[in-house]
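Asker:
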Amino acid sequence: MTNTAAAASAIYTQILDVVSTVEPRVAEAIRSELSDQRASLKLIASENYASLPTLMSMGTWLSDKYAEGTVGHRFYAGCQNIDTVESVAAEHAKALFGAEYAYVQPHSGIDANLVAYWAIMNLRVESPTLTRLQAATVNDLSESDWEALRREFNEQKVMGMSLDAGGHLTHGFRHNISGKMFQQCSYGTNPETGLIDYDALRTSAREFKPLIIVAGYSAYPRRVNFAKMREIADEVGATLFVDMAHFAGLVAGKVFTGEENPIPYAHIVASTTHKSLRGPRGGFVLATSEYADSVNKGCPMVLGGPLGHMMAAKALAFAEARSESFQTYAAQVASNAQALAEGLMKRGVRLVTGGTDNHLALLDVSTFGLTGRQAESALLDSGVVTNRNSIPRDPHGAWYTSGVRIGTPALTTRGFTEDDFDQVAELITEVLTNTTPTSTPKGPSKAKYVITEGVADRVRARAGELLDACPLYPGLVL
Ligand SMILES: *Cc1c(COP(=O)(O)O)cnc(C)c1O
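Numbering-wise, the sequence shown is residues 9 to 486 according to this note's numbering.
1) According to DSSP, Q191 sits in a beta bridge with which residue or residues?
2) Below 7 Å, is the gap between the Cβ of I118 and the nearest heavy atom of ligand 1?
3) Taking 8 Å as the cut-off, decide whether the C-beta atoms of K165 and F216 are in contact.
4) Would you say T178 touches ligand 1, meaning its beta carbon is less than 7 Å from a heavy atom?
5) Can you name the start and end residues of the beta strand (DSSP E) that N366 belongs to?
6) By how many angstroms is the C-alpha of T280 removed from the C-alpha of A120?
7) Would you call the segment 408-415 and the segment 365-380 in contact, with 3 or more CB pairs under 8 Å?
8) Does the pairing of the segment 296-314 with the segment 325-342 give three or more beta-carbon distances under 8 Å?
9) I need the straight-line Cα distance from F292 to R358, nearest angstrom please.
10) Within a Cβ cutoff of 7 Å, which residues of the same chain sit near F105, ignoring the five residues on either side of it in sequence?
11) I'd like the list of long-range same chain contacts for R98, defined as Cβ closer than 6 Å, with 5 residues on each side in sequence excluded.
12) Helix, strand or coil for V357, going by three-state DSSP, please let me know.
13) Report, in whole angstroms, the separation of the C-beta atoms of Y228 and G174, which I expect to be a contact under 8 Å.
14) Which word fits T420, buried or exposed, when buried means at least 16 other C-beta atoms lie within 10 angstroms of its C-beta?
15) Helix, strand or coil for R396? Go by DSSP, reduced to three states.
16) Pull up the distance between the alpha-carbon of G202 and that of E155, whole angstroms please.
17) With a threshold of 7 Å, establish whether the CB of S54 neighbours any heavy atom of ligand 1.
18) What do you get for D251, buried or exposed, if any count of 16 or more other CB atoms within 10 angstroms of its CB means buried?
19) With a threshold of 8 Å between beta carbons, is V27 in contact with chain D?
20) Candidates A58, T21 and Q22: which alpha carbon is nearest L480's?
21) Mind checking whether the beta-carbon of H254 lies closer than 7 Å to any heavy atom of ligand 1?
22) Is any non-hydrogen atom of ligand 1 found closer than 7 Å to the C-beta of D172, if you look at the structure I gave you?
23) Going by C-alpha to C-alpha distance, which of Y225, L486 and L209 sits closest to P6?
24) Any idea what DSSP makes of G415, helix, strand or coil?
25) Classify T361 as buried or exposed, calling it buried when 16 or more other Cβ atoms lie within 10 Å of its own Cβ.
26) Where V2 and V34 are concerned, what is the direct C-alpha to C-alpha distance, given to the nearest angstrom?
27) Alpha helix (DSSP H) containing D251: first to last residue?
28) Pick out whichever of G391, H282 and Q382 has its Cα sitting closest to the Cα of N397.
29) Any idea what DSSP makes of T296, helix, strand or coil?
30) So V96 is in the alpha helix (DSSP H); what residue range does that whole segment cover?
31) Helix, strand or coil for T68, going by three-state DSSP, please let me know.
32) Between D365 and R230, how many whole angstroms is the CB-CB distance? I'm expecting something under 8 Å.
33) Kindly identify the DSSP beta-bridge partner or partners of S186.
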């Protein structure tokens, strides 16, 4: 590790000099991003720090090659090295997750979800128009053919978790293409417990009869029982699609096992690589053999050429996640989240669902008289980086919100343990307790606030001490 850091220091110094010869402002932004990341107490639940080998493998000429198609079946000549990189990445992904098939081309989580949706449509939608057209090998579609095709595909039904319960935009939200493409009916959480109500879900699934049930979330602080999800999907004839973008690291690291491991239960799984999995920015899809051919239609259906340099970085991240040290990391992420949640609750902070059993927690800051936006800003002023997030049935909507989402994957990568997270809980509570909305003639402001004199500086200094004890990329000097 020290050797890697020493090599990285020399390499990045030279790279930045070279970048500077073309556009010094970009070199400067790259340099500043490192110091900013080092200096902030990053609690954003969807962020992490990729390893130096993973970062280094992204900046290469693999980016210069077009390789539309799949391994061994490319629409361009000379793809042998991209073939190698893509097959190594897929091999590691399959072994890591115990999946029958892995498709590592998607450029992001949203792309991976679109690939998954289209694979399901490809396999499962019976389109009389398409069958008729294929039989006739017609190239020029009439206006009525187009209309029929759109209708046959757009009338499909998807059931995902609602955005305000913690689901993702791509699970059928009305302003996302998934909400425009499909008829959708979302499931939420129980108003009392804040937990997914599987019985209610089963009842709505029986009524709605979706083609696809989406499980997975961005802001739900609890584990999901995928065996129950699959049972419901089977009962109504739906495909179970699990979007594990947020918690892939906990699956890879074997924190989620048995009925909490989506792989044995889902027909198809999509994910990002850059959140708890700690890889480069990107996406991938895992599938049962039944769905493999349809998943391979990701290009040309929703993707163009794959990003060779990013598939190389994914290969490294998947390989790293197969190590025992990654399992230790994942267990620590979960245990740190417990410590953080307990630390907050014992200091009087209300958490949605009364705690967490994954890598994230959702704070209800309305008990401090604050909106999520005020809390997020006051924390940022104090060197604590979080993001505001709506809570179930949020009175302040998706812009101001009443919640703040926090997670442990990034700081755990830096080496934070339970005691550090108890301190983090102390800092968060101190900021929230000392922040007051500015009053306006119409009542308290939803955006403006004041922090008690001296608090932001004190918290920032204390956060700095915690960060200094756990350096980011130790030994990397720029
Ligand atoms: C983050 C996230 C995505 C989207 O990932 P991008 O890489 O930002 O496109 C999709 N689904 C879920 C559940 C997520 O949390």
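C-beta: ideal position from N, C-alpha, C; glycine also. On a predicted model such as this, the values are computed, not experimentally measured, just so you know.
Answerer: Reading from the atomic positions:
1) K165
2) yes
3) yes
4) yes
5) Note, N366: premise wrong, no beta strand (DSSP E); not H, not E.
6) 8 Å
7) yes
8) no
9) Distance between the alpha carbons of F292 and R358: 35 Å.
10) If we look at F105 and ignore the five residues flanking it on each side, its Cβ neighbours are V259, A260, I271 and L294.
11) Contrary to the premise, residue 98 reads as Ala rather than Arg in this sequence. A110 and V112.
12) coil
13) 3 Å
14) buried
15) In this structure, R396 counts as strand in the three-state DSSP scheme.
16) 42 Å
17) yes
18) That one is buried.
19) Protein chains in the displayed structure number just one, and chain D is not present.
20) A58
21) Yes, Cβ of H254 sits closer than 7 Å to a heavy atom of ligand 1.
22) no
23) The displayed coordinates of the chain run from 9 to 486. Any statement about residue 6 would go beyond what the structure contains.
24) Of the three classes helix, strand and coil, the one that applies to G415 here is strand, per DSSP.
25) buried
26) Residue coverage of the chain in this structure runs from 9 to 486, which leaves residue 2 outside it and unanswerable.
27) Segment T247 to D251 is the beta strand (DSSP E) holding D251; no alpha helix (DSSP H) there.
28) Q382
29) coil
30) Q88 to F105
31) Here T68 carries a coil assignment [DSSP, helix/strand/coil].
32) 6 Å
33) In DSSP, S186 forms no bridge with anything.
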